[in-house]
Amino acid sequence: MKILVVNAGSSSLKYQLFDMDTESVIVKGGVERIGIRGSVLHHKWAQGEKVIEQDMPNHKVAMQAVLDALVHPEYGAIHSMSEIDAVGHRVLHSGGDFDGSVLLDDEVLKICKKNAELGPLHMPANILGIEACREVMPHTPMALVFDTAFHATMPPHAYMYAVDYDDYKNYKVRKYGFHGTSHKYVSQEAIKYLGRGAAGTKIITAHLGGGSSLSAVMDGKCVDTSMGFTPLAGVPMGTRSGDIDPAVLEFLAAKKGYTVLDCINYLNKQCGVAGISGISSDFRDLTKAAAEGNERAQLALDMFAYAVKKYIGSYIAAMDGLDCLVFTAGIGENTWQVREMICDKMDCFGIALDAEKNRLKNDGAIHDITGEGSKVKVLVIPTNEELVIARETKELVEA
């Protein structure tokens, strides 16, 4: 079975074509600058990479360019579109209407459009990608895999906010959590690595990247996560503030003449480690600057590690213990300094790193960086969200 995985952004469209018999990637690529001058498609196949520059004013044209590349006689991977058995779409938000992945139909798409207001930065682009793909592949079954679905197992006391209960019922104001496909993949890989079934396991997954979130996973199911109603909540991120006293918004609005939308834009795009450091949202830049003595870069790293450490401690308390701590995503997989800072002085929880193993370069494999005497396994597991989408699409189509 061949499955095409599509991840549509506001001006981008990423894709991977999987052979699910071997779970291998046949080709992958992405379109950048959709609707912007200078649109380009990067198409990578076994023999190399093809760069295609053409005007792509919308997602439909971009999707057709992807399909044309897939069947191209020189650099394509299939002879005709009939070889694609299904398409899996990454979608940000289920709005609590779906607790798992679903096959696409008119009613499902209608619900997604209704929930677009819950994810205004991502959902419209996700829907554009779905509609564009549906238009050029009308007879191919499609599945929607939601970032929020893995967190649907959280109990009410974990996902509820202490707001008027009617606002929860009427407007769906609650914690949802995100990065669900990543948390699901690495937690399942951790369970395999531990060599036991999911029952009885207590795992914390730390997806640390431009956007960062942590999840507490018991018995293979999420019981809490750090992101909330939107991906703005939780630890400080590249340009996002993370958790903050909401009264700050009213204060800034008065001081700087901000509207509510200005405040949200500020917290999403001008804060985080970039705002603290004044240098960059890229942790490679921050660690380099901190090593050279830049105090604000060091402060940004300290704040990030401290926030992650606090979430780990709170989740250990919530689960009454911990078997395994997993680092993943861009920072979690590649920035050894941050892993070291987070795990420093965690002896009371039985967490210790092996300093030498912790500095090994990411080679795409699972790395066990557990230190001597550590009661908790500490792992670095490269995430694979696209494979999760392909697997769930395959399961739905076969069912």
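The opening residue of the sequence shown carries number 213 in the working numbering; numbering runs sequentially from there. Quick reminder that beta carbons are idealized off the backbone N, C-alpha and C, glycines included.
Just tell me which of V237, F362, G308 and M213 has its CA closest to the CA of Y380.
G308
Give a yes or no on whether the C-beta atoms belonging to L420 and T437 are separated by under 8 Å.
no
Which of the three DSSP states, helix, strand or coil, is assigned to H395?
helix
Which value, in whole angstroms, describes the spacing of the CA atoms of C345 and K468?
43 Å
Check whether the Cβ of A355 sits closer than 7 Å to any heavy atom of the ligand SAH, and report yes or no.
Ligands displayed in this structure: none; no statement on the ligand SAH is therefore possible.
Taking the C-alpha atoms as reference points, what is the distance between S223 and E584?
47 Å
Rank I248, G260, C434 and A274 by C-alpha distance to the C-alpha of A289 and give the top, closest one.
G260
Please report the Cβ distance between L406 and T413, rounded to the nearest whole angstrom; I am assuming they are in contact, meaning their Cβ atoms lie under 8 Å.
7 Å
Contained alpha helix (DSSP H) runs [length at least 4] in the segment 566-597, N- to C-terminal order
567-570
Kindly list the residues whose CB is nearer than 6 Å to the CB of K587, restricted to its own chain and excluding five residues on each side of it in sequence; keep chain order.
G562
Leaving out five residues on either side along the sequence, give the residues of the same chain with a beta carbon under 7 Å from the beta carbon of H271.
A220, L225, I246, L340, G341 and A344
P443 to D311, Cα distance in whole Å?
18 Å
Extent of the continuous beta strand (DSSP E) to which Y227 belongs:
L225 to D231
Measure the Cβ-Cβ separation of T605 and A298 and say whether it is below 8 Å.
yes
Any chance the segment 448-465 sits against the segment 475-494, with 3 or more Cβ pairs inside 8 Å?
yes
Mind checking which residues open and close the alpha helix (DSSP H) that includes M372?
Run containing M372: none; DSSP gives neither H nor E here.
For the segment 458-475 against the segment 388-399, do three or more pairs of beta-carbon atoms, one drawn from each stretch, fall closer than 8 Å, so that the two count as touching?
no
Local Cβ density within 10 Å of L473, reported as buried at 16 or more and exposed below that
exposed
Have a look at D532 and A364 and give me their C-alpha separation to the nearest angstrom.
21 Å
Quick one: using the 10 Å Cβ neighbour count with 16 as the cut-off for buried, is Y478 buried or exposed?
buried
CA-CA distance, V592 and R571?
11 Å
What whole-angstrom Cβ distance do I601 and V314 have, given they're in contact under 8 Å?
The Cβ separation is near 13 Å, so there is no contact.
Whose CA, out of K322, H305, M354 and L356, lies closest to the CA of H334?
H305
Would you tell me roughly how many angstroms separate the C-alpha atoms of D359 and C560, rounded to the nearest one?
33 Å
What are the start and end residues of the alpha helix (DSSP H) that includes E329?
Careful: E329 lies outside any alpha helix (DSSP H) and carries neither H nor E.
Can you check whether the CB of S453 is closer than 8 Å to the CB of G432?
no
Could you tell me if G576 is buried or exposed, where buried requires 16 or more neighbouring beta carbons within 10 angstroms of its beta carbon?
exposed
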